[in-house]
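Enquirer:
Number of protein chains: 2
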Amino acid sequence: MQETNKLSVLTEPTLAEAAKLIEKAFAKRRTLIIAGACHVHYVGRASSTLEPGERILIIKADGSLLVHRPVGYEPVNWQPSGSIFHVKVNENSLEVHAVRQKPRENVKVTFSNVLVVSALSLNDSGEFLLYASEEDMHKAILLKPALLEEGFKPISYEKKVEPGFVDIYGVDKDGKLVVVEVKRKTAGKEAVLQLARYIDAIKEKANRELRGVLVAPSLGKDVQRLLVTMGLEFKALDPKKCAEVLKKAENSRLEAFFKEKT
Amino acid sequence: MQETNKLSVLTEPTLAEAAKLIEKAFAKRRTLIIAGACHVHYVGRASSTLEPGERILIIKADGSLLVHRPVGYEPVNWQPSGSIFHVKVNENSLEVHAVRQKPRENVKVTFSNVLVVSALSLNDSGEFLLYASEEDMHKAILLKPALLEEGFKPISYEKKVEPGFVDIYGVDKDGKLVVVEVKRKTAGKEAVLQLARYIDAIKEKANRELRGVLVAPSLGKDVQRLLVTMGLEFKALDPKKCAEVLKKAENSRLEAFFKEKT
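Chains as they are written, first to last, in our numbering: chain A, 1 to 262; chain B, 1001 to 1262.
#1: Using alpha carbons as the reference points, say which of A:LYS153, A:ILE202, A:GLU150 and A:LYS176 lies closest to A:VAL166.
#2: Using a Cβ-Cβ cutoff of 8 Å, what residues of the stretch 1060-1073 of chain B are near chain A? List them in chain order.
#3: Residues of the stretch 93-124 of chain A with a CB closer than 8 Å to any CB of chain B: list them in chain order, please.
#4: Need the endpoints of the alpha helix (DSSP H) that B:GLU1105 sits in, please.
#5: Could you name the residues of the stretch 1124-1139 of chain B whose beta carbon sits closer than 9 Å to any beta carbon of chain A, in the order they occur along the chain?
#6: Between which two residues does the beta strand (DSSP E) holding B:ASP1167 run?
#7: Taking only beta-carbon positions, decide if B:LEU1210 is within less than 7 Å of chain A.
#8: Per DSSP, what kind of secondary structure is B:THR1186 in: helix, strand or coil?
#9: Measuring straight from C-alpha to C-alpha, what distance separates B:VAL1071 and A:ASN123?
#10: Please state if the CB of A:ALA37 and the CB of A:GLU54 are separated by a distance shorter than 7 Å.
#11: Any contact of the stretch 1121-1140 of chain B with the stretch 39-59 of chain A, i.e. 3+ C-beta pairs under 8 Å?
#12: I'd like the ranges of any alpha helix (DSSP H) spanning at least 4 consecutive residues and lying wholly in the stretch 1126-1167 of chain B.
#13: A:ARG208: buried (16+ other C-beta within 10 angstroms of its C-beta) or exposed?
#14: Which residue comes first and which comes last in the beta strand (DSSP E) that contains B:ARG1100?
#15: Taking 7 Å as the threshold (beta carbon to beta carbon), is A:THR262 in contact with chain B?
#16: On a CA-only basis, which of A:GLU23, A:ALA35 and A:LEU21 is nearest B:LEU1007? Give me that one, please.
#17: For chain B, find out if any of its Cβ atoms is closer than 7 Å to the Cβ of A:GLY53; answer yes or no.
#18: With a 10 Å radius around its C-beta and 16 neighbouring C-beta atoms as the bar for buried, classify B:LYS1183 as buried or exposed.
#19: Assuming B:ALA1216 contacts B:ALA1243 (C-beta within less than 8 Å), just tell me the rounded distance between them.
#20: In chain A, which residues lie less than 7 Å from B:ALA1050 when you measure between Cβ atoms?
#21: Determine, for A:PRO80, whether the minimum Cβ-Cβ distance to residues of chain B falls below 7 Å.
#22: Which of the three DSSP states is assigned to A:VAL71 in this structure?
#23: Tell me, to the nearest whole angstrom, how far the beta carbon of A:HIS41 is from that of A:LYS108; I am working on the premise that it is less than 8 Å.
#24: What are the residues of the stretch 1164-1197 of chain B that lie near chain A, defined by any Cβ-Cβ distance shorter than 8 Å?
#25: What residues match up with A:LYS235 in a beta bridge as DSSP calls it?
#26: Is there a C-beta anywhere in chain B that falls below 7 Å from the one on A:LYS6?
#27: Taking A:VAL114 as the reference, give the member of A:ILE56, A:TYR157 and A:VAL171 with the closest Cα.
#28: Tell me the residue span of the beta strand (DSSP E) that contains A:LYS88.
#29: Can you tell me the Cα-Cα spacing of A:VAL96 and A:THR11, whole angstroms?
#30: Taking 6 Å as the line, does the beta carbon of A:GLU134 fall inside it for any heavy atom of the ligand GDP?
#31: Please confirm if A:ARG45 has its CB atom under 7 Å from at least one CB of chain B.
Right under this line is the structure:
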């Protein structure tokens, strides 16, 4: 066994050796990574069986559990934190049980052979930060127009309107045209004047009521007054919120994966 | 290094040693598990930074990538298959790059220290099988009433109606009462007669039009005729389909996790 304060690693252990290290890791709340030949039974909201094959079982310090096959980014079985674990050695197998109470769920991973067990003490307090570019903010509004306001329907984006391009162009719930200018940072007077120029250019052609909305995380000093004077509106939108919307859309790929697989 | 045909394991390697094994694993399309201190940058639909901490990086045989923190069942970063990988050693760091073309996405994991690297050749052709009990089928219909038919609205389930319990009870899109009897396997004559008894019992009390629908994966021989004679309907529903619906509901916990986290 390779052993330090931070980790214990067993390569091709017997089932009994593996069980001993796994038990110790549970007691110390270490993160466990077990690779080997196993089958998996799950009983909970539905039931599932994963027939024998070689996989990676991960049990984290908080008790969450993942079973990963050698292909695919999604786990084939998983449990959030809150399980109670135990390990059991039979004559020809090693069983890892994870039992949750609410909702009642039960995962049993039965190994016939263990290739490697790593028990790790990991320290991780690093922050996870999401960002969105101005273009990401456009995408997020197109994906979820309610970020601007309920009932908003985008018609086009990056529409050419002399002297440039309108970020997003749509209609509100009352059928009024809406011209949207998006800024990633605090919007200054220049952003207001830019939006006003687009409005003027479009007013010349369109024969409908027209609203101009400046979207940004915040407004600069004295900009509110200019905005009101010019008959324009402001909608506060945090780029981080947009990043979340895009990330969520990304997540739907995870669901799609399950749909295909099952 | 612990090495066999199936695996190579390096415990507390230098960055250069780790890089050598990682490169070899990429060439052989082995599954890689790297634990160590790292930070992560992602640029794609949005951008993200994961500040330094100790994590597990998994790169699978198909090129999918996962970064797992020591807590939580969800990866903090991930990529589906289809990335091109390379590894690079600097003076004080080891960089693993994963680049995807469509959509353009880029993950860079920079290790300042590596605790353990495992490169595994895993064979896994075991099938994943989902099951649903009759109760699971009820739950799935309550969760997604369109499984029965568009516009169906459940009112109650396991409603006591002499001589027993009606599985699901609701109204259809035209406001008609619907009594649903669910079977997990091919439905025989007994199931039809059971449903007919419930219908009779309810008809005595309710003063509305009443439909009886038998839900099962299939109908037994000659059962269709009996069903029609008794004025009842059949809706084919596979328990596996129900298991998928429940599994998908389960998956929404994954999304909820992201919402909380970001």
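The beta carbon of each residue, even a glycine, is placed where N, CA and C say it ideally should be. Just so you know, these numbers come straight off a predicted model, no measurement behind them.
Expert: The relevant details are as follows:
#1: It is A:ILE202 whose Cα lies nearest to the Cα of A:VAL166.
#2: Here the close residues are LYS1060, ALA1061, ASP1062, SER1064, LEU1065, LEU1066, HIS1068, ARG1069, PRO1070, VAL1071, GLY1072 and TYR1073.
#3: The residues in question are LEU115, VAL116, SER118, LEU120, LEU122, ASN123 and ASP124.
#4: Secondary structure note for B:GLU1105: it is in no alpha helix (DSSP H), and the uninterrupted beta strand (DSSP E) holding it is 1105-1120.
#5: Of all residues in the stretch 1124-1139 of chain B, ASP1124, SER1125, GLY1126, GLU1127, PHE1128, LEU1129, LEU1130, TYR1131, ALA1132, SER1133, ASP1136 and LYS1139 have a Cβ within less than 9 Å of some Cβ in chain A.
#6: For B:ASP1167, the enclosing beta strand (DSSP E) begins and ends at 1164-1171.
#7: Not closer than 7 Å to any Cβ of chain A, the Cβ of B:LEU1210 fails to qualify, so no.
#8: Three-state DSSP puts B:THR1186 in coil, outside helix and strand.
#9: When the Cα atoms are used, B:VAL1071 and A:ASN123 turn out to be separated by approximately 10 Å.
#10: The beta carbons of A:GLU54 and A:ALA37 sit closer together than 7 Å.
#11: Enough Cβ pairs lie closer than 8 Å, so yes.
#12: Within the stretch 1126-1167 of chain B, the runs of alpha helix (DSSP H) at least 4 residues long that lie entirely inside it are, in chain order, 1134-1143.
#13: Answer is exposed; the Cβ neighbour count stays below 16.
#14: Where B:ARG1100 is concerned, the enclosing beta strand (DSSP E) stretches over 1094-1100.
#15: Summary for A:THR262: the model assigns pLDDT 33, below 50, so the residue's position carries little reliability, and this model does not support an answer.
#16: From the listed residues A:GLU23, A:ALA35 and A:LEU21, the smallest Cα separation to B:LEU1007 is found for A:ALA35.
#17: Closer than 7 Å: yes.
#18: Buried, since its Cβ has 16 or more Cβ neighbours within 10 Å.
#19: Rounded to the nearest angstrom, the Cβ distance from B:ALA1216 to B:ALA1243 is 15 Å, too far for a contact under 8 Å.
#20: Correcting the residue identity first, residue 1050 of chain B is Leu in this sequence and not Ala. By Cβ distance, chain A contributes GLY126 and PHE128.
#21: Chain B, which has a Cβ nearer than 7 Å to the Cβ of A:PRO80, makes this yes.
#22: In the structure shown, A:VAL71 adopts coil according to DSSP, grouped into three states.
#23: Taking C-beta atoms under 8 Å as the contact rule, A:HIS41 and A:LYS108 qualify, at a distance of about 5 Å.
#24: Those residues of the stretch 1164-1197 of chain B that come within reach of chain A (Cβ to Cβ, closer than 8 Å) do not exist; the list is empty.
#25: In DSSP, A:LYS235 forms a bridge with A:VAL215.
#26: The beta carbon of A:LYS6 falls within 7 Å of a beta carbon belonging to chain B, placing the residue at that interface.
#27: Measuring from the Cα of A:VAL114, the nearest candidate turns out to be A:ILE56.
#28: Boundaries of the beta strand (DSSP E) around A:LYS88: 84-89.
#29: Our two residues, A:VAL96 and A:THR11, have alpha carbons roughly 18 Å apart in a direct line.
#30: The ligand GDP is absent from the structure shown, which contains no ligands of any kind.
#31: Yes, A:ARG45 counts as interfacial toward chain B.
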